[in-house]
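Heads up: the structure comes next, in structure tokens.
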Amino acid sequence: MGAYILKRLLSAIPVLLGITVIVFLIMAMIPGDPATAILGSYATPENVAKINRDLGLDKPIVQRYFIWLGNMLTGDFGRSFSLNRPVFDEILDRFSATLVLAGVSFVLASLLGILAGVVSAARQYGLADKLITFTVIIGISVPSFFLGMMMILLFAVNLRWLPVSGMYAIYGGGDMLDLIRHLIMPASALAVVATGVIARLSRSAMLEVLRQDYIRTARAKGVDERRVIMGHAMRSAMVSIIPVLGIQAGFVLSGSVYIELVFQWPGVGRMLVDAILKRDLLLVQGGVVFVAACYVFFNIVVDVAQSLLDPRIKT
Amino acid sequence: MKPIEWTRRSLFAAAAGMAMAASLGAPALAQTPPGVLVVGQIAEPKSLDPAAVTAVNDFRILVNLYEGLLQYAPGTLEVAPGLAESWEVSEDGTVYTFKLREGVTFHDGTPFNAEAVKFNFDRMLNEDHPYHDTGPFPLAFFFSAVEETTVVDDLTVQFTLNEPYAPFLSNLAYPTGLMVSPAAVEAHGDDFGRNPSGTGPFRFGEWRSNEAVVVEKNPDYWGEPAGTDAVVFRPITDANTRVAEMLSGGIDMMVEVPPTALSEFRDESFNVVEQAGPHVWFLILNAKEGPFADKRVRQAANYAINKEAIVTDVLEGTAEVAAGPIPPAFAWAYNEDLDPYPYDPDRARELLAEADAEGAELTFYVTEGGSGMLDPIPMGTAIQADLKAVGLDVNIETYEWNTFLGEVNPGLEGKADMAEMAWMTNDPDTLPFLALRTDAWPDAGGFNSGYYSNPEVDKLLEEARVATDQDRRAELYKEMQAIVQDDAPWVFVANWKQNAVTSDKVENFDLEPSFLLLLQDVVKN
Chain H
1 MGAYILKRLL SAIPVLLGIT VIVFLIMAMI PGDPATAILG SYATPENVAK
51 INRDLGLDKP IVQRYFIWLG NMLTGDFGRS FSLNRPVFDE ILDRFSATLV
101 LAGVSFVLAS LLGILAGVVS AARQYGLADK LITFTVIIGI SVPSFFLGMM
151 MILLFAVNLR WLPVSGMYAI YGGGDMLDLI RHLIMPASAL AVVATGVIAR
201 LSRSAMLEVL RQDYIRTARA KGVDERRVIM GHAMRSAMVS IIPVLGIQAG
251 FVLSGSVYIE LVFQWPGVGR MLVDAILKRD LLLVQGGVVF VAACYVFFNI
301 VVDVAQSLLD PRIKT
Chain B
1001 MKPIEWTRRS LFAAAAGMAM AASLGAPALA QTPPGVLVVG QIAEPKSLDP
1051 AAVTAVNDFR ILVNLYEGLL QYAPGTLEVA PGLAESWEVS EDGTVYTFKL
1101 REGVTFHDGT PFNAEAVKFN FDRMLNEDHP YHDTGPFPLA FFFSAVEETT
1151 VVDDLTVQFT LNEPYAPFLS NLAYPTGLMV SPAAVEAHGD DFGRNPSGTG
1201 PFRFGEWRSN EAVVVEKNPD YWGEPAGTDA VVFRPITDAN TRVAEMLSGG
1251 IDMMVEVPPT ALSEFRDESF NVVEQAGPHV WFLILNAKEG PFADKRVRQA
1301 ANYAINKEAI VTDVLEGTAE VAAGPIPPAF AWAYNEDLDP YPYDPDRARE
1351 LLAEADAEGA ELTFYVTEGG SGMLDPIPMG TAIQADLKAV GLDVNIETYE
1401 WNTFLGEVNP GLEGKADMAE MAWMTNDPDT LPFLALRTDA WPDAGGFNSG
1451 YYSNPEVDKL LEEARVATDQ DRRAELYKEM QAIVQDDAPW VFVANWKQNA
1501 VTSDKVENFD LEPSFLLLLQ DVVKN
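Same order as they appear, the protein sequences are chains H and B.
Read in order, the letters of the first sequence are residues 1 to 315 in the working numbering.
Read in order, the letters of the second sequence are residues 1001 to 1525 in the working numbering.
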């Protein structure tokens, strides 16, 4: 197992290096440059040249790449010019906010999704199955940002139950309860699609397992139906459900970009959108590399978890 | 049956849990506390160092923390005393001497004096200054005419300019001229922008990244103390969310209300405030080549476009029809005798027939959004339709803002016949000087992307820049406006009225023509 994990970790290195090259090149090639973004109407060639010199953008592109990469290897992600603070501090702040949102949302989606899938499978073509399937299809089909806006309109503007946006109340907040009140809408809106997908796939994974001989044997032996479903069938089904969870975790993370915009959640998605519009090169590059590294790492964790459940995978 | 019962119960439990969690909030969701004003801003500020920022969004916070030597007199764009009580300009317009207000201290307790003024300008302008590396200072060129800043005595400071430069005074009143505490810059270095210290009616409280900037009443302020205990600036980048926050009572004031959302606030629990500012929205016409090289075609475009309809229908009344290159907000320099080109498609067709330009094909650069650009895509398509009606065939090409600037600023030659553009300035000199002179063609480093050239206009603008007498300057600008309007290098479309909404708990609030947000007198119940 140790060797397997090590192998997977080593294979992540070229992936990450490739990502640094790609994100650096994309940011270098997109039209518009930081100096124009800073100066706006006042971007005369003279002013642009001065800003470029101040930001170190007057050096050749290859040299800039290696300076950036070298600094990053020593833990220095540089300084964001649009926020005037170290890129790494900003990413950590923002990423922890995103982790809270995406984490809660992902746990919500996994629990509800698997539950719904198992219930559907256990009562295939029954009323519960039909109701769940119907709800799930609607959930998958509604764009999450639209759902978010409708939730704001209903729960915050009309009913005034929940705050519209942000992570904490500006005054008198800051505790767990405050965080939960701010989390309910964005986390639910973000969870809806993932819940639906997980429910659909859990249902088919369970149905497949429930048709297996050993389930029939268990039932024939008179094992309690609850134990058949939750014990015998679930454990096998999880092998095919877990990779789905891994993929959905990625979707939840990328879906958080829209949700963070709608609910003004101070997360990394909103940060990247702002940074791209302002051409804040170091912040975009650092942010993308960081998020990609987390995603790669998360995939390794999923693969390892899967191989623990099903020893055949470890090759 | 058993397993299903179990899950059904758990589903109920989950649902009940969520409902409870939701209702937890209901009674606790209070309005913002009295004495605290929460302002919905359009973005996170970059920095609270006035020399380092360029965005109106950041200036809205800064003008409450800092003061400059001069300021704009309330309700106008004319300069008035600020931290300087009085000033004198030498005969030749190159030496400015300021007498400073006595007994003013920065929030960190250090005194405001001539040394502090010198520190501020040297930091921005002098590359050898030990704190020049706390930049970059993108708008430092506002003061590039300053050759030397001299301390005459503790409360007298003198600027020597390398040539006469009339906009110097209004540039001092601009936020780039706000005075920072030298001691605080020395203490915090690069991080001064997050630990600001000025002389204003509010002092810095805290900055929670991406959540809020809090400023508190300055108890030691030299003038009238602020009307609120604290102001909280919240960045809410999504316009719909900003509107929802305002409707739900989460914020007390919002700026830049989208035109389509204004109707939501037409009831008595809200006040809508409007103020015309130094803004022009126009179309640059390529006067070097193609149909617009002919003045009659440029005039035809001005007649053909229904500006009234754009302003009332597309912009929902949040702008007024523009008459020329200088906005009416610069009251002293504005030529009142000029009327906007009327909407007259027949006259446009006549002119096009005279110029033999009927059915010409035109390329039109449109942006998706950008500073001061209002609603550029609907405006662009309305313009396209109006020009089509008089027989001009317009192809729109749309670009994201920074890409757009990268296409337009180097000049339209060989690429396009017209492009959208908007400017907000602090002096009537700025826009025409940078965008209408022959010496401001793109290859010379200016913004005259349509290659307009009229020696008479050049002469008037050069002269106005060095004239130290304001009446003389006004005369020159008025003459320039009449010529430019007739030459029609641009289609003059709209002057934006900035707007804001406040809740009925906010009193004494007015928007300024400078588009700055002065909150000193505002009271929040």
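Every residue gets a Cβ at the ideal spot worked out from N, C-alpha and C, and that includes glycine.
**OP:** Could you have a look at S188/H and say whether DSSP puts it in helix, strand or coil?
**Re:** helix
Subject >> Sequence-distant residues of the same chain with beta carbon closer than 7 Å to D33/H, five excluded per side >> reply: R279
**OP:** Establish whether the CB of S165/H and some CB of chain B are separated by less than 8 Å.
**Re:** yes
**OP:** Return the CA-CA distance between P1225/B and G1200/B, expressed in angstroms with no decimal places.
**Re:** 10 Å
Subject >> Selection from P1167/B, Y1452/B, M1480/B, V1089/B that minimises the alpha carbon distance to G1324/B >> reply: M1480/B
Original post:
Going along the chain, which residues of its own chain have a beta-carbon closer than 6 Å to the beta-carbon of E1397/B, five neighbours each way excluded?
Top reply: Y1365
Original post:
Interface residues of chain H around N1240/B at Cβ under 9 Å?
Top reply: M149, I152, V262
Original post:
DSSP state of S11/H, grouped into three classes?
Top reply: helix
Subject >> Enclosing beta strand (DSSP E) for S1503/B [first to last residue] >> reply: 1490-1503
Original post:
Using 8 Å as the limit for Cβ to Cβ distance, is I1377/B near chain H?
Top reply: no
Original post:
How about L83/H: is its C-beta nearer than 8 Å to some C-beta of chain B?
Top reply: yes
Subject >> Every unbroken alpha helix (DSSP H) within the region 1032-1117 of chain B, with a cutoff of 4 residues, ordered by chain >> reply: 1056-1065
Original post:
Whole-angstrom Cβ separation of E1358/B and L1352/B, contact assumed at under 8 Å?
Top reply: 5 Å
Original post:
When you compare each of W1281/B, A1322/B, A1385/B, L1338/B to T1367/B by their alpha carbons, which one comes out closest?
Top reply: W1281/B
Original post:
Which first and last residues belong to the beta strand (DSSP E) in which H1188/B is found?
Top reply: Run containing H1188/B: none in the beta strand (DSSP E); it sits in the alpha helix (DSSP H), 1182-1188.
Original post:
Under the rule that 16 or more other beta-carbon atoms within 10 Å means buried, what is Y125/H, buried or exposed?
Top reply: exposed
**OP:** Please list the segments of the beta strand (DSSP E) lying wholly inside the region 99-143 of chain H, counting only runs of 3 or more residues, in order along the chain.
**Re:** none
Original post:
Can you list, in chain order, the residues of its chain whose CB lies under 6 Å from that of A116/H, leaving out five sequence neighbours each side?
Top reply: I132, A199
Subject >> Straight-line Cα distance separating R1347/B from V1053/B >> reply: 46 Å
Original post:
If the cut is a Cβ gap below 8 Å, which residues of chain H does G1406/B touch?
Top reply: P31, G32, D33, T36
**OP:** Anything in chain B within Cβ reach of R279/H, meaning under 9 Å, just list it in chain order.
**Re:** N1402
**OP:** Evaluate N1162/B with the Cβ neighbour count: other Cβ atoms within 10 Å of its Cβ, from every protein chain shown; 16 or more gives buried, anything less gives exposed.
**Re:** exposed
**OP:** Would you kindly check if the distance between the Cβ of V193/H and the Cβ of I140/H is under 8 Å?
**Re:** yes
Original post:
Taking Cβ to Cβ, would you say N1302/B is nearer than 8 Å to V1457/B?
Top reply: no
**OP:** Run down chain H in chain order and give the residues with a C-beta less than 7 Å from the C-beta of L1062/B.
**Re:** Neighbours of L1062/B on chain H: none; closest Cβ ~14 Å, over 7 Å.
Original post:
Counting Cβ pairs closer than 8 Å, one from the region 1228-1248 of chain B and one from the region 146-157 of chain H, do we hit at least three?
Top reply: yes
Original post:
Using a C-beta to C-beta distance shorter than 7 Å, which residues of chain B count as neighbours of A43/H?
Top reply: L1405, N1409
Original post:
How about V15/H: is its C-beta nearer than 8 Å to some C-beta of chain B?
Top reply: no
**OP:** Locate the beta strand (DSSP E) running through N1409/B, then write down its first and last residues.
**Re:** Per DSSP, N1409/B belongs to no beta strand (DSSP E) and is neither H nor E.
Subject >> Partner residues on chain H for K1415/B, Cβ-Cβ distance less than 9 Å >> reply: Within chain H, no residue comes near K1415/B; the closest Cβ sits about 13 Å away, beyond 9 Å.
Original post:
Span of the alpha helix (DSSP H) holding R312/H?
Top reply: R312/H -> no alpha helix (DSSP H), and no H or E assigned at all.
**OP:** Output, in chain order, the set of chain B residues within a Cβ distance shorter than 8 Å of N47/H.
**Re:** P1138, F1141
Subject >> Proximity to Y42/H [Cα-Cα], best of G1369/B, F1142/B, T1468/B, A1043/B >> reply: F1142/B
Subject >> Beta-carbon separation (whole angstroms), L277/H vs G287/H, contact threshold 8 Å >> reply: Contact flag wrong, Cβ pair sits at about 13 Å.
Subject >> Contact belief for L1412/B with N1240/B at Cβ below 8 Å, rounded distance in angstroms >> reply: No, L1412/B and N1240/B are not in contact; Cβ-Cβ is about 35 Å, not under 8 Å.
**OP:** Sort out for me which residues DSSP pairs Q306/H with in a bridge.
**Re:** Note: Q306/H sits in no beta bridge, so no partner.
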